[in-house]
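Since the structure comes first, as structure tokens, the remarks are kept for the end.
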Amino acid sequence: MKKFFKDFKAFISKGSVLDLAIGMIIGTAFNAIVKSMVNDLLMPIISLMFQGDISDQFFVLKGTAKYVANPTTNVLELVKSSDAVLLFWGRFLQSIIDFLIIGLTLFVIVRVTANVQKRAEERKAKIKAKLAGGEEITAEEEEHVEEEVSEDILLLREIRDSLKETNLPVEE
8 MKKFFKDFKA FISKGSVLDL AIGMIIGTAF NAIVKSMVND LLMPIISLMF QGDISDQFFV
68 LKGTAKYVAN PTTNVLELVK SSDAVLLFWG RFLQSIIDFL IIGLTLFVIV RVTANVQKRA
128 EERKAKIKAK LAGGEEITAE EEEHVEEEVS EDILLLREIR DSLKETNLPV EE
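To get my numbering, take the position in the sequence shown, counting from 1, and add 7.
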């Protein structure tokens with residue numbers, strides 16, 4: 008049992024699992040925003056063409072069905088015969104609209120992120136080319152170079168500096 012929890016802890020503390028969990032939470036919140044945009048902003052405009060909520064639109068394939076106002080609640084209710092077969096094309100259209108908006112939004116986010124990463128890589132390549140050519144770099148460019156230095160290199164630099172302080176011979 009102890010090994011099970013140890014393995015579970017190792018699994019859960021991997022970065023990819025945490026990234027996935029964060030992505031799921033953000034995705035759920037994003038879905039709520041998109042649903043609200045579709046249902047509260049776009050669908051009322053589209054519903055003007057159909058004289059009602061588009062998700063309530065249907066074809067009667069068999070039997071009879073219609074929306075009737077309930078006199079006590081003043082709400083439309085679907086009244087259909089017991090043998091009625093309905094094709095709710097409005098719900099399907101609503102799902103397609105949701106999908107297209109979510110897909111377009113995610114595409115834009117991924118595209119912007121990729122462009123930002125590409126520009127950062129190009130900037131780093133230019134700085135490395137300047138350093139390789141022996142050119143001077145600006146303070147801003149130097150900050151970007153320092154950000155790229157790994158923890159191992161920083162640790163090695165600290166060890167080197169410590170050895171210099173103790174006056175031991177150090178190779179550069």
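We put the CB at the ideal spot given by N, CA and C, even for glycine. These figures come from a predicted structure and were not determined experimentally.
query	result
Among D105, Q101, I166, the one whose alpha carbon lies nearest that of N38	D105
Secondary structure of F99, DSSP reduced to three states	helix
Endpoints, beta strand (DSSP E) assigned at L85	83 to 87
Unbroken beta strand (DSSP E) run spanning F66, endpoints	66 to 69
Member of L113, A127, T120 whose CA lies at the smallest distance from the CA of G34	L113
Backbone secondary structure at A136 - three-state DSSP	helix
Cα-Cα separation, V86 to L93	12 angstroms
Bridge partner(s) assigned by DSSP for L93	V67
Proximity below 8 angstroms, CB of L100 to CB of I52	no
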